[in-house]
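If you read the sequences in order, they're chains A and B. Going by our numbering, the first sequence opens with residue 0, and the numbers climb by one from there. Going by our numbering, the second sequence opens with residue 0, and the numbers climb by one from there. From the three backbone atoms N, C-alpha and C, an ideal C-beta is built for every residue, glycine too.
Protein chains: 2
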Amino acid sequence: MVSKHFSLAVMIRPDHRKAVLVECALPGALEAVGERWSFLILRGAFNGLAHFEEFQSTLGIARNILSNRLGRLVEHDILRREPDPADRRKIAYRLTDKGRALLPVLITLRQWGEKWISGVPSNPVLVDRQNRRPVAPMAVRAADGRTLELNELEWIDRAELPDGE
Amino acid sequence: MVSKHFSLAVMIRPDHRKAVLVECALPGALEAVGERWSFLILRGAFNGLAHFEEFQSTLGIARNILSNRLGRLVEHDILRREPDPADRRKIAYRLTDKGRALLPVLITLRQWGEKWISGVPSNPVLVDRQNRRPVAPMAVRAADGRTLELNELEWIDRAELPDGE
Numbered sequence: 000m001v002s003k004h005f006s007l008a009v010m011i012r013p014d015h016r017k018a019v020l021v022e023c024a025l026p027g028a029l030e031a032v033g034e035r036w037s038f039l040i041l042r043g044a045f046n047g048l049a050h051f052e053e054f055q056s057t058l059g060i061a062r063n064i065l066s067n068r069l070g071r072l073v074e075h076d077i078l079r080r081e082p083d084p085a086d087r088r089k090i091a092y093r094l095t096d097k098g099r100a101l102l103p104v105l106i107t108l109r110q111w112g113e114k115w116i117s118g119v120p121s122n123p124v125l126v127d128r129q130n131r132r133p134v135a136p137m138a139v140r141a142a143d144g145r146t147l148e149l150n151e152l153e154w155i156d157r158a159e160l161p162d163g164e
Numbered sequence: 000m001v002s003k004h005f006s007l008a009v010m011i012r013p014d015h016r017k018a019v020l021v022e023c024a025l026p027g028a029l030e031a032v033g034e035r036w037s038f039l040i041l042r043g044a045f046n047g048l049a050h051f052e053e054f055q056s057t058l059g060i061a062r063n064i065l066s067n068r069l070g071r072l073v074e075h076d077i078l079r080r081e082p083d084p085a086d087r088r089k090i091a092y093r094l095t096d097k098g099r100a101l102l103p104v105l106i107t108l109r110q111w112g113e114k115w116i117s118g119v120p121s122n123p124v125l126v127d128r129q130n131r132r133p134v135a136p137m138a139v140r141a142a143d144g145r146t147l148e149l150n151e152l153e154w155i156d157r158a159e160l161p162d163g164e
């Protein structure tokens, strides 16, 4: 009896359980980035770190672990190795488009940590450069922008989508 | 020269670098959930799994690892152990409020995996129960709902926020 507690879970039909619980895209994503140091390296890259030595000294990570994790992120095409334009003997690690697409993942995790772990508003604050107001809380949203809670969600078969989706 | 490539990174002042790169709430969040099996256990809980045996058989995870990860999630108040109402000799693992607040993290990671790893639209599709349309792509948004790209973001000091934030 898995699906007894609808109010505490996303609504799901028995024939969709395997696809959602075993075959979804989450394991693939975790294979690429689901590890503490990988997230912290990405945080550095999003905030302008590019060189091995910068990552090493800023994160205080062991060199062999850093080397391993950078290599894995390059292998997954999340970071790209390129000669530094300022000194072409040096290698810079840059986010690819695929890597930049991880920004919402990091912001969502950070906001959750701020609210539920540290419990204090952190400083500095991430803002929209245009009006200097804080970014909105990350939330699951409907197509029209409404915030959706767990009990407002359902898994349906792609064939059952309304026309035009 | 860390902050040379503004267009590829969030704008950040030198005096904010330590707070953003070392002290932010991300490490705390990763300490609680930044591990592959923890994410997959949470995915199960969000989709109605509650018992040790259900997690074990659905995820195919070794019993000692499952036991360790469930224990850590309980310790971090992300899951709660409680007697199953249907059979009070059995223990059910339920998401707490803090755990349910991780839904956007999982959805964001899954959407990224769908777009950048598996590369095919997955089935079933997560929809808004009210109109059966797919949920919106997770994105960093301004207070007014606009999607913000990396180069539209900036870290500013909390004291510099516009009045009333």
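The CB of B:Ile155 comes closer than 8 angstroms to the CB of Pro123, Val124, Val126, Arg131 in chain A, given here in chain order. Using a Cβ-Cβ cut-off of 8 angstroms, B:Arg109 counts as an interface residue toward chain A, since at least one Cβ of chain A sits closer than that to its own.
For A:Asp83, the enclosing beta strand (DSSP E) begins and ends at 78–83.
In this structure, A:Leu72 sits away from A:Phe54, with a CB-CB distance that is not shorter than 8 angstroms. DSSP, read as helix, strand or coil, puts B:Val126 in strand. Across the structure, B:Ile106 and A:Val139 are spaced so that their CA atoms are roughly 8 angstroms apart.
Among the residues of chain B, those whose CB is under 9 angstroms from the CB of A:Ala142 are Asp127, Asn130, Arg132, Pro133, Val134, Ala135, following chain order. For A:Lys97, the C-beta contacts it makes with chain B under 8 angstroms involve Trp115, in order along the chain. Under the Cβ distance rule, B:Arg88 does not count among the residues neighbouring chain A, no pair being separated by less than 8 angstroms. Distance check between B:Asn63 and each of B:Glu74, B:Thr57, B:Phe51 places B:Phe51 closest, using alpha-carbon atoms only. For A:Arg42, the CB contacts under 7 angstroms within the same chain, skipping 5 residues up- and downstream, are Leu105 in chain order.
At the C-beta level, B:Glu153 and A:Val126 come within 8 angstroms of one another.
Boundaries of the alpha helix (DSSP H) harbouring B:Ile106: 102–112, taken from the DSSP string. Taking the CA atoms as reference points, A:Ala44 sits about 8 angstroms from A:Tyr92. Identification of chain A residues near B:Pro120 by a Cβ-Cβ cut-off of 8 angstroms yields Arg157, ordered along the chain. Residues are counted here when their Cβ sits less than 9 angstroms from a Cβ of chain A; for the segment 59–77 of chain B these are Gly59, His75, Asp76, Ile77, given in chain order. For the pair A:Ala141 and A:Leu149, the CB atoms are not nearer than the 8 angstroms cut-off.
Put simply, of A:Leu48, A:Lys97, A:Lys89 the residue whose alpha carbon is nearest the alpha carbon of A:Ile77 is A:Lys97. In the three-state DSSP reduction, B:Asp86 falls in the strand class (E or B).
Taken atom to atom, the span from the alpha-carbon of B:Asp162 to that of B:Asp86 is near 54 angstroms. Between B:Leu58 and the set B:Gly27, B:Glu74, B:Arg35, B:Arg99, the nearest pair of CA atoms involves B:Arg35.
DSSP places B:Glu53 inside the alpha helix (DSSP H), whose first and last residues are 51–58. Residue-level contact check: B:Glu81 does not touch chain A, since none of the beta carbons of chain A fall below 8 angstroms from its beta carbon. The CB of A:Pro103 comes closer than 7 angstroms to the CB of Thr107, Met137, Ala138, Val139 in chain B, given here in chain order. Under the three-state reduction of DSSP, B:Glu30 is assigned to helix.
Distance check between B:Pro136 and each of A:Asp156, A:Pro120, A:Ala158, A:Leu101 places A:Leu101 closest, using alpha-carbon atoms only. The C-alpha of B:Pro133 is placed about 33 angstroms away from the C-alpha of B:Glu81.
Scanning its chain for C-beta atoms nearer than 7 angstroms, with the 5 sequence neighbours on each side dropped, one finds no residue around A:Arg131.
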